[in-house]
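**Q** The following block contains the structure, expressed as structure tokens.
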Amino acid sequence: MIDAKRRLLLKGSLGAGAVGLAVGAGLLAPRAVLAAWPEAAFKATDTATALTDLMGSDAAETSDAVKIKAPDIAENGAVVPVTVEGDIEGAKSIAIIASGNNTPLIASFDLGENTLPFVSTRIKMAKTADVVAVVQTDSGLLSNAKSVKVTIGGCGG
Amino acid sequence: MASKIKIRAKSKNGVTTVKSLMSHVMETGLRKDQQTGDLIPAHFIQEVTAKWNDQVVMTANWSGGVSKNPYLSFKFNGGEPGDTIEIAWVDNTGASETGTAEIK
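If you read the protein sequences in the order shown, they are chains H and R. In case it helps, my numbering puts the first sequence at residues 20 to 176. In case it helps, my numbering puts the second sequence at residues 617 to 720.
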């Protein structure tokens, strides 16, 4: 009886114990364990919800330290090259958002200890919209946006 | 032998730049099959893990919004020619692939 309750209590503590054990044993880097695929964030249909689900907050400060390189006009919305770079201390992760997509959150990159705040990839954009990059640091979120015109939508439509 | 993950890693001035290209359809689940009119099911890479020797340098979470045959580039401080870069992905069907390369 008591055991069942204990088990429930232990389970209920967000598995923090298990994580702690694994981390202690050096088996898993904290980020690898805690980053289960953030389904809610990826399914969110607006940027604010996506960011809150992903990073715990949508209060991002616009900052020129976050540089977004993306074409002014994307010929093919299915393949839009985006590079996010920042001269930012303590950057922990970077999120790329296409604000005109049904589900705006495209990708999130968790940076290792020695990893620079730089990431480059290619994304799908449904229509002309802002590409928003959000960098998460210990002291908060920094973001910037760049408008990209899309001539042919990127979701096969 | 065509690898499903192509990796180029170069070290310069103490910074290693990694460029990779992965083969994957990255279906959003929103496209319709032209012939049948049915929705093509979502099939995309969800998680990518990049390691330098045994250290995880990046984990990425992706949606179907990343383009087909995803390109990914990142940089980190450190890395010597000969060190190993490993990139592995897992997609929403549970399939996975791993590729490795040496830093040049």
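Even for Gly, the Cβ is constructed at its ideal location relative to N, Cα and C.
What three-state label does DSSP hand Thr716 of chain R in the structure shown?
**A** As a first step, residue 716 of chain R is located in the second sequence; it is residue number 100 there, counting from the start. Residue state, collapsed to three classes: strand.
**Q** Please tell me whether Val85 of chain H and Ala148 of chain H are closer than 8 Å, where the distance is taken between their beta carbons.
**A** Residue 85 of chain H sits at position 66 when you count from the first residue of the first sequence. Residue 148 of chain H sits at position 129 when you count from the first residue of the first sequence. No.
**Q** Can you give me the start and stop residues for the beta strand (DSSP E) that Met674 of chain R sits inside?
**A** As a first step, residue 674 of chain R must be located in the second sequence, where it is residue number 58. Run containing Met674 of chain R: Gln671 to Trp678, per the beta strand (DSSP E) assignment.
**Q** Given that Gln671 of chain R touches chain H, what residues does it touch there, using C-beta distances under 9 Å?
**A** By 1-based counting over the second sequence, the position of residue 671 of chain R is 55. Chain H residues near Gln671 of chain R: Ala48, Gly131, Glu132 and Asn133.
**Q** Establish whether the CB of Lys720 of chain R and some CB of chain H are separated by less than 8 Å.
**A** Here residue 720 of chain R refers to the residue found at position 104 of the second sequence. No, its Cβ sits nowhere closer than 8 Å to a Cβ of chain H.
**Q** At 3 residues or longer, and completely inside the region 100 to 163 of chain H: list those beta strand (DSSP E) runs for me, N to C.
**A** Runs of the beta strand (DSSP E) inside the region 100 to 163 of chain H: 110 to 117, 124 to 130, 134 to 142 and 148 to 156.
**Q** With distances taken between CB atoms, is the gap from Ser683 of chain R to Ser139 of chain H smaller than 8 Å?
**A** The residue you call residue 683 of chain R lines up with position 67 of the second sequence. The residue you call residue 139 of chain H lines up with position 120 of the first sequence. No. Outside cutoff.
**Q** By the 7 Å beta-carbon criterion, what residues does the region 96 to 129 of chain H contribute toward chain R?
**A** Ala97, Val98, Ala117, Asn120, Thr122, Leu124, Ile125, Ala126, Ser127, Phe128 and Asp129
**Q** Going by DSSP, which residues form a beta bridge with Thr700 of chain R?
**A** In the second sequence, the residue the question calls residue 700 of chain R occupies position 84. DSSP lists R:Glu718 as partners of Thr700 of chain R.
**Q** The alpha helix (DSSP H) spanning Thr71 of chain H covers which residue range?
**A** For the purposes of this step, residue 71 of chain H is taken as residue 52 along the first sequence, with counting starting at 1. Element bounds for Thr71 of chain H: Thr66 to Met74.
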